[in-house]
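Undergrad: If you scroll down you'll find the structure; I have some questions about it.
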Amino acid sequence: MTETATDVLSARLEAVLSEVRVRPDRLSATVQGRTVTADSPRALTGQLATALYTVAHVGRPATEPATARNLSGARDLEAGLARGVPHEHTRHRGSVLSDRGDGGLVVGLSGIRVRVPRERITVTHERVAGAAHAEGPTARNAPVRPKGAHEETDVLVAAARPSLSPGFFLVDGSQPLTGQDPILRVYLHVRTADAALEAWGRTLRCLEGLGVPFRAKAASSAHALPRRDGVVVYLGSGDQHVLPCLVEELKGAVLGSEASPFTRPLAPGVAVAWEPDDSRPGMRNTSFGEHRSRALAAGLIRHVTQHPAEADGPHPNRSGCVREALLEAGVDPLDPARNLSSPPCSATDS
25 MTETATDVLS
35 ARLEAVLSEV
45 RVRPDRLSAT
55 VQGRTVTADS
65 PRALTGQLAT
75 ALYTVAHVGR
85 PATEPATARN
95 LSGARDLEAG
105 LARGVPHEHT
115 RHRGSVLSDR
125 GDGGLVVGLS
135 GIRVRVPRER
145 ITVTHERVAG
155 AAHAEGPTAR
165 NAPVRPKGAH
175 EETDVLVAAA
185 RPSLSPGFFL
195 VDGSQPLTGQ
205 DPILRVYLHV
215 RTADAALEAW
225 GRTLRCLEGL
235 GVPFRAKAAS
245 SAHALPRRDG
255 VVVYLGSGDQ
265 HVLPCLVEEL
275 KGAVLGSEAS
285 PFTRPLAPGV
295 AVAWEPDDSR
305 PGMRNTSFGE
315 HRSRALAAGL
325 IRHVTQHPAE
335 ADGPHPNRSG
345 CVREALLEAG
355 VDPLDPARNL
365 SSPPCSATDS
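For the sequence shown, this note's numbering gives the first residue as 25, with consecutive numbering after it.
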């Protein structure tokens, strides 16, 4: 799908910029009706990025009362989200560090030593110089290994990880993401708690039925809704073929109709974007919405710094400064759902 755009920025980004004003002193700014202030231009960049993230990306009201923001950290939807998970475990591979006999194995998982009961161990592998060989369901009675060999094991761990992402209930698929492929995010716009629970259940059942690796998260509080990222799915680039099936499955859900201007819409309330690819200091492990919001904020502050007389409204120089900031962040200014390094999205690229 191709979005109408200027030759500098996408049309949807230009629409976002049209609702932003930065004061010439670079100590205050407004995003739609939300005003932010700071004691330095650098601090204002961060405050402006937060406002852009909240209002433009997430889609929260610009004049949201503080009480609603304070309640958004509640976890009142967690029980319902947990009931919607169709699988109990996800499979991870780790290095066998020691065998405790009937006490199970001590396994290295993501750099952490974990004692794993034998009933959670599915198969062990002997690995020599990059080659793997399955040895059976446990490490017992393993043959003498060649020099340099070590054992790895597949371990079943809880699929639900409710505390990993603050404000969200997170689940790994029974086949987890490996992190080797570029990650494509799928965003669902949900307005109500009932819609969130329904969309969540439909999404997880669909992906589990298709047998693809995935990660998914959903807002864990009704007070955080509506959100254009109320449910987010993470897929490897090689599994994009499931997107039409997922969109079809979600037709029965009561989704909202909006999408973040940083994403690429697939259907009403469904959009995609690539995980950021930005190696600059402080930008690693930044979420997609935060990354794009920071780039826009940096460009807007740069514009007022270089052209203070143009702070009153839209100017070609402003679009140019934002474009520069996006390019520095590795983002395609004409299609901000993509990084400059992103592969094609089979569901939208023709």
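Beta carbons: idealized from backbone N, C-alpha and C, even for Gly. Fair warning: this is a prediction, and the values are worked out from it, not measured in the lab.
1. Please tell me whether A86 and V55 are closer than 9 Å, where the distance is taken between their beta carbons.
2. Name, in chain order, the residues that DSSP records as bridge partners for E334.
3. Are the beta-carbon atoms belonging to V257 and R50 less than 9 Å from one another?
4. Near A321, what residues of its chain come up, given a Cβ to Cβ distance below 7 Å and the 5 sequence neighbours on each side ignored?
5. If you pair each beta-carbon of the region 308-326 with each one of the region 353-361, do three or more pairs fall below 8 Å?
6. From this set, A353, V294, L188, which residue's C-alpha is nearest S281's C-alpha?
7. Based on Cα-Cα distance, which residue from T177, S245, V32 lies nearest to G191?
8. Just curious, the beta strand (DSSP E) that G254 is in, first and last residue?
9. Alpha helix (DSSP H) containing T69: first to last residue?
10. I need the straight-line Cα distance from A349 to V236, nearest angstrom please.
11. What would DSSP say about L9, mapped onto helix, strand or coil?
12. Apart from the five residues just before and just after P305, which ones in its own chain have a Cβ nearer than 6 Å to its Cβ?
13. Less than 9 Å between the C-beta atoms of V278 and A291, yes or no?
14. For V355, name the three-state secondary structure that DSSP assigns.
15. Compare the Cα-Cα distances from E143 to each of H111, G203, T177, L133 and report the closest residue.
16. DSSP on A223, reduced to helix/strand/coil?
17. For R137, I'd like the list of residues in its chain whose CB is within less than 8 Å of its CB, leaving aside the five on either flank, ordered along the chain.
18. Assign R226 to one of two classes, buried (16 or more other C-beta atoms within 10 Å of its C-beta) or exposed (fewer than that).
19. Helix, strand or coil for N341 per DSSP?
20. CA-CA distance, L228 and F193?
21. Taking the alpha-carbon of G108 as reference, which of L231, E88, V346 has the nearest alpha-carbon?
22. Per DSSP, which residues does F238 bridge with? Please list them.
23. How should S284 be labelled, buried or exposed, when 16 other C-beta atoms within 10 angstroms of its C-beta is the threshold for buried?
24. Taking the alpha helix (DSSP H) that V294 belongs to, which residues open and close that run?
25. Using DSSP with H/G/I as helix, E/B as strand and the rest coil, what is H247?
26. What residue from P186, P289, A248 has the CA that sits closest to V214's CA?
27. Hey, quick one: how far does the alpha helix (DSSP H) through G104 stretch, first residue to last?
28. Can you name the start and end residues of the alpha helix (DSSP H) that L279 belongs to?
29. Starting from R304 and walking both ways along the alpha helix (DSSP H), at which residues does that stretch end?
30. What whole-angstrom Cβ distance do S52 and V60 have, given they're in contact under 8 Å?
31. Can you tell me where the beta strand (DSSP E) holding A291 begins and where it ends?
32. Just curious, the alpha helix (DSSP H) that A53 is in, first and last residue?
33. Sorted by chain position, which residues of the same chain lie with C-beta nearer than 6 Å to A297's C-beta, five sequence neighbours on each side aside?
34. Where DSSP assigns a beta bridge to V138, which residues make up the other side?
TA: Taking the geometry as given:
1. yes
2. For E334, DSSP records no beta bridge to any residue.
3. no
4. Correct list, in chain order: T69, L72, A73, L76.
5. yes
6. Out of A353, V294, L188, V294 has the C-alpha closest to the C-alpha of S281.
7. It is S245.
8. 251-260 is the extent of the beta strand (DSSP E) around G254.
9. 65-75
10. 35 Å
11. A question about residue 9 goes unanswered here, because the residues of the chain that appear run from 25 up to 374.
12. none
13. no
14. strand
15. T177
16. helix
17. L121, V130, V131
18. buried
19. Helix at N341.
20. Going from the Cα of L228 to the Cα of F193 covers about 13 Å.
21. L231
22. L259
23. It counts as buried.
24. Here V294 belongs to no alpha helix (DSSP H); instead the beta strand (DSSP E) covers 294-298.
25. helix
26. A248
27. Going by DSSP, G104 is part of the alpha helix (DSSP H) stretching over 102-107.
28. Careful: L279 lies outside any alpha helix (DSSP H) and carries neither H nor E.
29. Run containing R304: none; DSSP gives neither H nor E here.
30. 7 Å
31. 288-291
32. A53 -> not in any alpha helix (DSSP H); beta strand (DSSP E) instead, spanning 52-55.
33. The residues are R209, T287, F312, A361.
34. Partner(s): V131.
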